[in-house]
Amino acid sequence: MDLDRHDFQLDKLMERIQANDNRLIALQIPEGLKMQALEMMDTIETETSAKVVLAADPCYGACDLVHDKMKMMGVELVAHMGHSQMNIESGMPTQFIDVTYDGDPELTPVIPFL
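Each position in the sequence shown, counted from 1, maps to that position plus 684 in the working numbering.
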C-alpha cells in the first residue's frame, strides 16, 4: 500500500484520540485516497482503544462535512483527510489533515495527452 508514501499524519491523530480517550471516530476521506482507508483504520484501531468508521459517501472538500450523520452514530471525532480547514463551525470535534505524497509520479506516459 501507499501508506508509506503518503503522510496521513496518523501519529498526530492517534495522539489526539488517546489524549481525549475517544472511543468512536470517523474517517472522512476523498475518493482518491479511499484505497488506503482499511489500512488506516486497522492501524488506528491497533494503536488506540478507538473503533473507526469510514464515512464512505463521496467527499468534495472541506465544506462537505458528515457531522450530522456521525453525531447520530455517536462518533466523538471526525478525521477529515486531504483538505485544509475552512472557517466553518461544524458543532463537533474535527481534525483536518493535509495529506502529502512523497512519490515521483511517472509523467512519460501522459505527456502525449498534454
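Each residue gets a CB set at the ideal place from its N, CA and C atoms; glycine is no exception.
Beta-bridge partners of residue 691, as assigned by DSSP: For residue 691, which the question treats as bridged, DSSP gives the partners 784.
Residue from 729, 765, 740, 789 with nearest C-alpha to residue 707: 729
3 or more residues per run - each beta strand (DSSP E) lying fully within the segment 698-779: Residue ranges of uninterrupted beta strand (DSSP E) with 3 or more members, entirely inside the segment 698-779 and ordered along the chain, are 708-712, 735-739, 761-765.
Rounded separation between residue 753 and residue 793 - CA only: 42 angstroms
Alpha-carbon spacing of residue 705 relative to residue 787, whole angstroms: Going by the C-alpha atoms only, they are around 34 angstroms apart.
Among 691, 726, 719, 798, nearest to residue 709 - alpha-carbon criterion: Answer by Cα proximity: 726.
Secondary structure of residue 685, DSSP reduced to three states: In this predicted model, residue 685 has a pLDDT of only 44, less than 50, meaning its place in the structure is not dependable; the value taken from the coordinates is given anyway. In the structure shown, residue 685 sits in coil (DSSP, three-state: anything other than H, G, I, E or B).
Three-state class that DSSP yields for residue 789 in the structure shown: Three-state DSSP puts residue 789 in coil, outside helix and strand.
Assigned exposure category for residue 795 - 16 Cβ within 10 Å defines buried: exposed
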